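Under numbering that gives the first Met the number 0, the sequence shown has 76 at position 77, and the numbering climbs by one with no breaks. Every residue gets a Cβ at the ideal spot worked out from N, C-alpha and C, and that includes glycine. Given the structure is predicted, the values throughout are model-derived calculations rather than measurements. Accompanying notes for the structure given below.
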Amino acid sequence: MEIMVTCSSCKEQYHHAYLHCTTCHKQGPYPNVYLATQEQANLQQNFQDALLRAKKRGVDNLLLQLQHQVDSASKACINRSVPELSLALHENRALGRYYKEVQAGRRLLDDDPWTRLRAQADQYFFHGFHEEIHFAALTLNDSGMSSYGSCCLLLKEALIDERASLFRENTGLYFREHQPSEKNPVTPGWRAVWAERGMLAACKLQEQLTTTTASSDFADLLIQFSPEDAELDDFLEVHIYGSLTIKTVQQVVISPQSGEESQTDRLTKRLEERKIPFQIA
Ligand SMILES: [Zn+2]
Numbered sequence: 000m001e002i003m004v005t006c007s008s009c010k011e012q013y014h015h016a017y018l019h020c021t022t023c024h025k026q027g028p029y030p031n032v033y034l035a036t037q038e039q040a041n042l043q044q045n046f047q048d049a050l051l052r053a054k055k056r057g058v059d060n061l062l063l064q065l066q067h068q069v070d071s072a073s074k075a076c077i078n079r080s081v082p083e084l085s086l087a088l089h090e091n092r093a094l095g096r097y098y099k100e101v102q103a104g105r106r107l108l109d110d111d112p113w114t115r116l117r118a119q120a121d122q123y124f125f126h127g128f129h130e131e132i133h134f135a136a137l138t139l140n141d142s143g144m145s146s147y148g149s150c151c152l153l154l155k156e157a158l159i160d161e162r163a164s165l166f167r168e169n170t171g172l173y174f175r176e177h178q179p180s181e182k183n184p185v186t187p188g189w190r191a192v193w194a195e196r197g198m199l200a201a202c203k204l205q206e207q208l209t210t211t212t213a214s215s216d217f218a219d220l221l222i223q224f225s226p227e228d229a230e231l232d233d234f235l236e237v238h239i240y241g242s243l244t245i246k247t248v249q250q251v252v253i254s255p256q257s258g259e260e261s262q263t264d265r266l267t268k269r270l271e272e273r274k275i276p277f278q279i280a
C-alpha cells in the first residue's frame with residue numbers, strides 16, 4: 000500500500016519517503032514519524048487492551064506508572080566505540096550513519112549475514128529513506144547497549160523529539176522472524192511517535208509486570224541486555240531522521256573495556272575541551 004502525504008502548502012500528494020513536497024519543496028513530516036502517526040489508533044487500542052489485562056492481574060496502576068516514567072524520563076541513547084566517538088569529536092564531523100559512510104568509502108561493505116539482514120530490514124522498514132536513519136535505544140537509567148560500543152551517547156530530547164519514532168523491538172530481528180511483506184505487513188501499533196513511547200513500552204512490558212514489580216525495576220525491563228549474545232538484547236528501538244553531531248549529545252557515559260584505557264584518556268580530554276559532560280561508569 001502506497002502511503003502518500005498531502006502537502007500543507009500546494010495540496011498535491013507525494014510519497015511519504017520524501018522530506019519535502021515533490022511539487023513545491025515545502026518541508027513535510029519526517030518519513031519515519033509519518034509512518035508512526037498512521038498507527039496511532041492501533042497503538043491506543045493496544046494500550047487499552049494492555050490496561051484491561053493488567054487490571055485483571057492487579058497491576059494496572061503499575062502499568063500507568065511505567066507509561067508515565069517512560070514518557071517523562073526515558074532518553075534515546077546510541078552506543079559507539081571509543082575510536083568512533085573520537086572521530087565525531089572533530090569540528091564539522093557528524094556522527095556516522097552506516098549507509099552514508101559506505102557511500103563515502105569510509106566504511107567497507109562486508110558479507111556478514113547480519114549486515115545483509117540489516118540491509119533488507121532497513122529497506123523494508125524505511126523504504127526510500129533508510130540512509131537518513133540513526134538507530135538508538137530507549138533507556139531509563141543512562142545505560143545503553145554496550146555490545147555496540149563502550150560509549151553511551153545520551154541525546155538531548157529537544158533536538159530529536161520531532162524527528163524520532165520508535166519500534167517495539169529490534170527491527171532486524173523482527174524482520175528475520177516475521178518476514179514482513181505486502182501480504183504480511185508489520186503488526187500495526189508496533190510503531191510510536193516520541194511523545195507516545197510510554198504507551199508502546201507499556202504494551203510491550205505489560206505481561207512482565209507482577210504484583211512484586213517495583214518502579215525501580217522499570218529500567219531493567221526496558222533494556223534487557225545480554226552480554227553473551229547481542230541477538231538476545233531486547234529494547235525499544237529509536238529511529239532518528241537526519242544528522243546528529245556531538246552537540247546533539249547531552250552526556251556521554253563511558254564503560255571502558257580492557258585495552259581501551261589510554262584511548263579513553265585521550266577521549267575524555269577531548270570531551271573536556273569540547274565541554275561535553277561525561278562520566279566513567
Ligand atoms: Zn507542495
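Exercise for the section: For ligand 1, list every residue whose C-beta falls under 6 Å from any of its heavy atoms, going in chain order. Expected result: Counting every residue whose Cβ lies closer than 6 Å to a heavy atom of ligand 1, we get 6, 8, 9, 11, 20, 22, 23 and 25.
Practice task
Count the C-beta pairs between the segment 236–243 and the segment 135–143 that are closer than 8 Å, then say yes if the count reaches three, no if not.
Solution key: Result yes; three or more Cβ-Cβ pairs closer than 8 Å.
Exercise for the section: Count the C-beta pairs between the segment 238–256 and the segment 150–158 that are closer than 8 Å, then say yes if the count reaches three, no if not. Expected result: Cβ pair count under 8 Å is three or more, so yes.
Exercise for the section: Go ahead and pull the three-state DSSP assignment for residue 159. Expected result: Under the three-state reduction of DSSP, residue 159 is assigned to helix.
Problem - Cβ pair count under 8 Å reaching 3, the segment 46–61 against the segment 200–211 - result: Yes, the segment 46–61 touches the segment 200–211.
Handout entry: beta strand (DSSP E) segments (min. 3 residues) lying fully within the segment 166–236
Key = Within the segment 166–236, the complete beta strand (DSSP E) runs of at least 3 residues fall at 190–192.
Handout entry: Cβ-based neighbour list, residue 1, same chain, cut-off 8 Å, excluding 5 preceding and 5 following
Key = Excluding sequence neighbours, residue 1 sits near 14.
Problem - Spatially closest choice to residue 241 from 39, 12 and 31, by CA coordinates - result: If you compare the alpha carbons of 39, 12 and 31 with that of residue 241, the shortest gap goes to 31.
Practice task
Please state if the CB of residue 77 and the CB of residue 172 are separated by a distance shorter than 7 Å.
Solution key: No, the Cβ-Cβ distance between residue 172 and residue 77 is not below 7 Å.
Practice task
Report the residue from 278, 175 and 259 whose alpha carbon sits nearest the alpha carbon of residue 83.
Solution key: Shortest Cα-Cα distance from residue 83 to any of 278, 175 and 259 involves 259.
Problem - Three-state class that DSSP yields for residue 77 in the structure shown - result: Residue 77 falls in the strand class under three-state DSSP.
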